[in-house]
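Input: a single structure, listed below in structure tokens.
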Amino acid sequence: NIKKDQHLVEKFAKENTGNITLKSLKNVVLTDENRQTEIKKEIDDLVFCLYFNVQLTDLENNEHYQYLRNQI
8 NIKKDQHLVE KFAKENTGNI TLKSLKNVVL TDENRQTEIK KEIDDLVFCL
58 YFNVQLTDLE NNEHYQYLRN QI
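Numbering of the sequence shown is given in my numbering, commencing with residue 8 and proceeding in unit increments.
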């Protein structure tokens, strides 16, 4: 939510000095790379659990999961 992530707005303002028009703001895509990485990891973990029928609470102890994490 853009209203909660003020740092994204600040980052955009720093990267786009000069005239910022309303039209350009409507077409801007702001992404929080750190949050995007966190969400991807969570999705990857859920997919692993579903595919290998592993409980989410047991994920960190799974030897196959540990092997895959070490490969990254």
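Yeah, the Cβ is synthetic: ideal placement off N, Cα and C, and Gly gets one too.
- Collapsing the DSSP output to three states places I27 in coil.
- If you draw a straight line from the Cα of V61 to the Cα of F55, it comes to about 8 Å.
- Taking 8 Å as the cut-off, the beta carbon of L29 is found no closer than this to the beta carbon of D52.
- When DSSP states are grouped into helix, strand and coil, Q62 belongs to the coil group.
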